[in-house]
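Under our numbering, the residues of the sequence shown are numbered 1075 to 1466, in order. All C-beta atoms, glycine included, are put in the ideal place defined by N, C-alpha and C. Since the structure is predicted, the reported quantities are computational estimates derived from the model, not experimental observations. Quick notes on the structure that follows.
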Amino acid sequence: MLKAVKVRIYPTQEQFITLAKHFGCTRWLWNHSLAVMTETYKTTGKGLSGLTMKKRIPALKVEHEWLKECYSQCLQQSVLNLGQAFVNFFEGRAKYPNFKSKHHRQSVQFPQNVTVVSDSAIKFPGLLGLVAAKVHRLIEGTLKTVTVSKNPDGKFFASLLIEDGKLSPKSSREGSAIGIDLGLTDFAITSDGSKYANPRHLKKHERNLKRKQRKLSRRKKGSNNCNKARIKVAKVQGKISRVREDFHHKLSRKIVNKNQVIVVEDLAVKNMVKNHNLAKAISDVGWGQFCTMLKYKAEFEGKVYLEIGRFFPSSHLCSKTLLPLEKMDLSVRSFICPHCQERHDRDINAAINIRNEGLRIWASGSGVTALGRNVRPKGGRLKSTLSPGYCD
Ligand SMILES: [Zn+2]
1075 MLKAVKVRIY
1085 PTQEQFITLA
1095 KHFGCTRWLW
1105 NHSLAVMTET
1115 YKTTGKGLSG
1125 LTMKKRIPAL
1135 KVEHEWLKEC
1145 YSQCLQQSVL
1155 NLGQAFVNFF
1165 EGRAKYPNFK
1175 SKHHRQSVQF
1185 PQNVTVVSDS
1195 AIKFPGLLGL
1205 VAAKVHRLIE
1215 GTLKTVTVSK
1225 NPDGKFFASL
1235 LIEDGKLSPK
1245 SSREGSAIGI
1255 DLGLTDFAIT
1265 SDGSKYANPR
1275 HLKKHERNLK
1285 RKQRKLSRRK
1295 KGSNNCNKAR
1305 IKVAKVQGKI
1315 SRVREDFHHK
1325 LSRKIVNKNQ
1335 VIVVEDLAVK
1345 NMVKNHNLAK
1355 AISDVGWGQF
1365 CTMLKYKAEF
1375 EGKVYLEIGR
1385 FFPSSHLCSK
1395 TLLPLEKMDL
1405 SVRSFICPHC
1415 QERHDRDINA
1425 AINIRNEGLR
1435 IWASGSGVTA
1445 LGRNVRPKGG
1455 RLKSTLSPGY
1465 CD
């Protein structure tokens, strides 16, 4: 199975310059090739493949001598990636490729010839050589692509893609199932009754961030002081995103370790409430990142991650009797159910419904008699992302 490990690297001043040249050359080549491919597509209606563009690199190197300062496989990988981006676009999986900006995160890919020498050094091909690193875990398997990136706050990282040679684990039917309702007041409410408060990372750093952003806005664009102020803003933003990521990692790990089947709602449901007032809070909470982590962590251990469709009325059903409930105001947090006369916590009730619906889809997908009632409205669509083992 392929596994990715991201480690911090510490280039010297000289390597810093070499890396900057690598970022610059690959970015220029990407933008140049994108312009050529777009133009060709516009005039002839036909796309150019990444391979065709790769063959043009030697000619470009004659025209632009400075391209030679970049390790050639990085250049080739850059156009091949662009070719793949076009394939993804034409097959409807992605948006049209964008030009790369020198003001955003920078990255360059080494498709091979990188070795992890020790827990404190990685050897790169070409001019770069041995780079200091903090390799915090054992690298078992063959190293494939290595992506070096530089964040706007000036930190360098290397993402190591490793083939560990192991087969993906067989899914098991043993173990418990959990439904998760994602929210803003509480970050996650689970069907077993746990609530995890929303840490609101942005709010904690907001004053500091605003102050530094104000300072940046007063600086003259392009000046040295402007640059310094920009790095200060990026550092706060970097801190916020790292703390958020850490929270997501820990909670998703805990949930995946305890459960065999994990069910969440399709995130489009959550984004439906996207209005101007909540936009900031929604982007801060980071449901998407959390679900991605749940998904890959579950798949890595042969567990099942499911998303239920956006038309499933998780908060308008009694989780005991499956009978519909009247629409409630958002301020109602718990209520006495008219069907079973019990007090339901609004969010836990929804999480239980999400779990039950997920199990119903899972069971019907694998040939077991369906449980529960079909509560899809007319024209409703149920989407599930069953791992391949469960599709037959
Ligand atoms: Zn009830």
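In whole angstroms, what separates the C-alpha of valine 1335 from that of lysine 1394?
For the purposes of this step, residue 1335 is taken as the residue at position 261 of the sequence shown. For the purposes of this step, residue 1394 is taken as the residue at position 320 of the sequence shown. One C-alpha to the other measures close to 20 Å.
Is glutamate 1416 near ligand 1 - that is, is its Cβ less than 7 Å away from at least one heavy atom of it?
For the purposes of this step, residue 1416 is taken as the residue at position 342 of the sequence shown. Yes - ligand 1 has a heavy atom lying nearer than 7 Å to the Cβ of glutamate 1416.
Contact test: histidine 1390 Cβ vs ligand 1 heavy atom, cutoff 7 Å
On the sequence shown, residue 1390 is found 316 positions in, with the first residue counted as 1. No, the Cβ of histidine 1390 stays beyond 7 Å of every heavy atom of ligand 1.
For phenylalanine 1386, which option in Gly1098, Glu1431 and Thr1117 has the closest C-alpha, if you only look at C-alpha atoms?
If you number the sequence shown from 1, residue 1386 lands on position 312. Looking at the Cα atoms, Glu1431 is the closest of the given residues.
Could you tell me if tryptophan 1140 is buried or exposed, where buried requires 16 or more neighbouring beta carbons within 10 angstroms of its beta carbon?
Here residue 1140 refers to the residue found at position 66 of the sequence shown. Per the 10 Å Cβ criterion, exposed.
Can you check the segment 1364-1452 for any alpha helix (DSSP H) of at least 4 residues that lies completely inside it and give the ranges in chain order?
1420-1439
Can you tell me whether DSSP reads serine 1157 as helix, strand or coil?
The sequence position of residue 1157 within the sequence shown is 83, counting from 1. It is glycine, not serine, that sits at residue 1157 in the sequence shown. DSSP places glycine 1157 in helix when its eight states are reduced to three.
Taking the C-alpha atoms as reference points, what is the distance between leucine 1325 and glutamate 1248?
Here residue 1325 refers to the residue found at position 251 when the sequence shown is read from its first residue. Here residue 1248 refers to the residue found at position 174 when the sequence shown is read from its first residue. The straight-line gap from Cα to Cα measures roughly 22 Å.
Are the beta-carbon atoms of valine 1310 and asparagine 1282 separated by less than 8 Å?
Position 236 of the sequence shown, counted from the start, is the residue given in the question as residue 1310. Position 208 of the sequence shown, counted from the start, is the residue given in the question as residue 1282. Yes, the pair counts as a contact, with Cβ atoms nearer than the cut-off.
Report yes if the C-beta distance between leucine 1368 and valine 1330 is below 8 Å; otherwise report no.
Within the sequence shown, residue 1368 is the residue found at index 294, counting from 1. Within the sequence shown, residue 1330 is the residue found at index 256, counting from 1. For leucine 1368 and valine 1330, yes; Cβs fall inside 8 Å.
Quick one: what does DSSP say phenylalanine 1173 is sitting in, helix, strand or coil?
Along the sequence shown, one-based indexing puts residue 1173 at 99. In this structure, phenylalanine 1173 counts as coil in the three-state DSSP scheme.
Using the rule of at least 16 other Cβ atoms within 10 Å of the residue's Cβ for burial, across every protein chain shown, is alanine 1355 buried or exposed?
Numbered from its first residue, the sequence shown carries residue 1355 at position 281. Flag for alanine 1355 reads exposed.
For ligand 1, any of its heavy atoms closer than 7 Å to the Cβ of lysine 1394?
Taking the sequence shown and counting its residues from 1, one reaches residue 1394 at position 320. Yes.
Count the C-beta pairs between the segment 1212-1226 and the segment 1109-1123 that are closer than 8 Å, then say yes if the count reaches three, no if not.
no
From aspartate 1358 to cysteine 1392, what distance separates their C-alpha atoms?
Here residue 1358 refers to the residue found at position 284 when the sequence shown is read from its first residue. Here residue 1392 refers to the residue found at position 318 when the sequence shown is read from its first residue. Between aspartate 1358 and cysteine 1392, the C-alpha separation is close to 31 Å.
Using beta-carbon positions only, say whether lysine 1229 and phenylalanine 1097 come within less than 8 Å of one another.
Taking the first residue of the sequence shown as position 1, residue 1229 is located at position 155. Taking the first residue of the sequence shown as position 1, residue 1097 is located at position 23. Result no, Cβ atoms of lysine 1229 and phenylalanine 1097 do not sit closer than 8 Å.
6 Å Cβ shell around serine 1315 - same chain, five flanking residues per side excluded
As a first step, residue 1315 must be located in the sequence shown, where it is residue number 241. Excluding residues within five positions, none has a Cβ falling inside 6 Å.
DSSP on glutamate 1280, reduced to helix/strand/coil?
Within the sequence shown, residue 1280 is the residue found at index 206, counting from 1. Three-state result, glutamate 1280: helix.
Beta strand (DSSP E) runs contained entirely in the segment 1215-1246, provided each spans 3 or more residues
1216-1224 and 1230-1237
For alanine 1372, tell me which candidate among Asp1403, His1323 and Ser1389 has the shortest Cα-Cα distance.
On the sequence shown, residue 1372 is found 298 positions in, with the first residue counted as 1. The residue with the shortest Cα to Cα distance from alanine 1372 is His1323.
Among the residues of its own chain, which have a CB less than 8 Å from the CB of cysteine 1414, if the five just before and after it don't count?
If you number the sequence shown from 1, residue 1414 lands on position 340. Around cysteine 1414: Cys1392, Lys1394 and Thr1395.
For histidine 1279, verify whether its CB is less than 7 Å away from any heavy atom of ligand 1.
In the sequence shown, the residue the question calls residue 1279 occupies position 205. The answer is no for histidine 1279.
Mind checking which residues open and close the alpha helix (DSSP H) that includes leucine 1201?
Looking up residue 1201 in the sequence shown gives position 127. Premise fails: leucine 1201 is in no alpha helix (DSSP H) and is neither H nor E.
Give a yes or no on whether the C-beta atoms belonging to phenylalanine 1163 and proline 1171 are separated by under 8 Å.
One-based indexing of the sequence shown puts residue 1163 at position 89. One-based indexing of the sequence shown puts residue 1171 at position 97. Contact: yes.
Let me check you understand the geometry: is the CB of cysteine 1411 closer than 7 Å to at least one non-hydrogen atom of ligand 1?
Numbered from 1 along the sequence shown, position 337 holds the residue referred to as residue 1411. For ligand 1, at least one heavy atom lies less than 7 Å from the Cβ of cysteine 1411.
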